[in-house]
Amino acid sequence: MTSFQKKEHARQEAFEAIWESQINAVFADVAATYDKANDYASLGLLKSLRRRFIATIDVEPGQRVLDVCAGTNVVGIELLKKQPQLDVYAVDRSDAMQQVGKQRATRQGFDIKGRICDVHQLPFPDNHFDVVTLQYATRHLRVIDVFTEINRVLKHGGKFYHFDMLRPANKFIENAYCIYLKGCLKTISWAIHSGPDAVACCDYFVDAIRLFYSTEELSRLLSDLGFYDVRGRSLLGGTVAMHRACKA
Ligand SMILES: C[S@@+](CC[C@H](N)C(=O)[O-])C[C@H]1O[C@@H](n2cnc3c(N)ncnc32)[C@H](O)[C@@H]1O
1 MTSFQKKEHA RQEAFEAIWE SQINAVFADV AATYDKANDY ASLGLLKSLR
51 RRFIATIDVE PGQRVLDVCA GTNVVGIELL KKQPQLDVYA VDRSDAMQQV
101 GKQRATRQGF DIKGRICDVH QLPFPDNHFD VVTLQYATRH LRVIDVFTEI
151 NRVLKHGGKF YHFDMLRPAN KFIENAYCIY LKGCLKTISW AIHSGPDAVA
201 CCDYFVDAIR LFYSTEELSR LLSDLGFYDV RGRSLLGGTV AMHRACKA
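Numbers 1 to 248, taken from this note's numbering, label the letters of the sequence shown in order.
And the structure:
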């Protein structure tokens, strides 16, 4: 077993029950306030980080793009603002998040083709997309399985863009960050009157960071899975990172 397989095994053992039974209820609970809550929690930082992420994504007119774990379609909408002649698909397991996302896209005059599914099996043929994006969801997934699926649906030479909160490589930063995050999540869930599922998951969200990958580990994992020209950019002390990886 490789070290990455061992890590995935540990993550699965620790969190599978939550992934299976609670995550969907949490996102159904917060769907209507999700975007606002993110802005509060990050003190507006997330918006500017997202702008930076979108700026790194190369898109050409006519390309087919898939946003995995699309939630409320924030990434798809920003990509269509950048290049309106894209064919954008979104996949997510949460009907509630996708309903909010569909309304947001339609209101702004964009068409995003949403599919409700578990992203461990993508309902698309091999070599189908020019670009695949995944933002802020990988902690809730079996990473090797989903990245392998993403590799499968990408065309040869297609690009995968990933942006997420990661585990800081520095232990001191990791500890400080987790204390901050826990306080922040509890305050936000109180402020937006989250339901019991979302409140109960505050500890999970922090534990999931502690068992997650650092920027450098995620780069190595992508390379091990067959992606080439992998570039990882660590930001804010390694608490978040953007990766780009190409399909061979
Ligand atoms: C934190 S939200 C991120 C949404 C969006 N990418 C963004 O940046 O705002 C995580 C999303 O992942 C979705 N998700 C989690 N596990 C999933 C799974 N196994 N299959 C499909 N979607 C999943 C949730 O439903 C939720 O919409």
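Ideal placement from N, C-alpha and C gives every residue a C-beta, glycine not left out.
Exercise. Quick one: is aspartate 130 buried, meaning 16 or more other Cβ sit within 10 Å of its Cβ, or exposed?
Worked result: Classification of aspartate 130: buried, given that the 10 Å Cβ count is 16 or more.
Problem set entry | Nearest-angstrom Cα separation, counted from leucine 211 out to glycine 71 | Cα to Cα, the separation comes out at about 23 Å.
For this session: Give the secondary structure of valine 59 by DSSP, where H, G and I count as helix, E and B as strand, and everything else as coil.
Result: Correct three-state label for valine 59: coil.
Exercise. Pairing CB atoms from the region 137-151 with CB atoms from the region 218-234, are three or more of them under 8 Å?
Worked result: Contact holds: three or more Cβ-Cβ distances are below 8 Å.
For this session: Taking the CB atoms as reference points, tell me whether phenylalanine 205 and leucine 185 lie closer together than 8 Å.
Result: Going by beta carbons, phenylalanine 205 and leucine 185 fall inside the 8 Å limit.
Exercise. With respect to the alpha helix (DSSP H) encompassing serine 21, which residues constitute its N-terminal and C-terminal limits?
Worked result: 3-21 is the extent of the alpha helix (DSSP H) around serine 21.
For this session: Could you tell me the distance, in whole angstroms, from the CA atom of alanine 191 to the CA atom of asparagine 127?
Result: Their backbone Cα atoms lie some 44 Å apart in a straight line.
Exercise. How about leucine 134 and valine 68: are their beta carbons less than 8 Å apart?
Worked result: If you check the CB distance, leucine 134 and valine 68 come in under 8 Å.
For this session: Can you say whether tyrosine 177 is buried or exposed, counting buried as having 16 or more other CB atoms within 10 angstroms of its CB?
Result: Burial call: buried.
For this session: Would you check if the distance between the CB atom of glycine 101 and the CB atom of glycine 109 is smaller than 8 Å?
Result: Contact flag unset, no.
Exercise. If we ignore side chains and look at the alpha-carbon of each, how far apart do aspartate 111 and leucine 79 end up?
Worked result: Distance from the CA of aspartate 111 to the CA of leucine 79, rounded to the nearest whole angstrom, comes to 12 Å.
For this session: For isoleucine 23, I'd like the list of residues in its chain whose CB is within less than 6 Å of its CB, leaving aside the five on either flank, ordered along the chain.
Result: Within the same chain, Cβ atoms closer than 6 Å to the Cβ of isoleucine 23 are found at His140, the five residues on either side in sequence being excluded.
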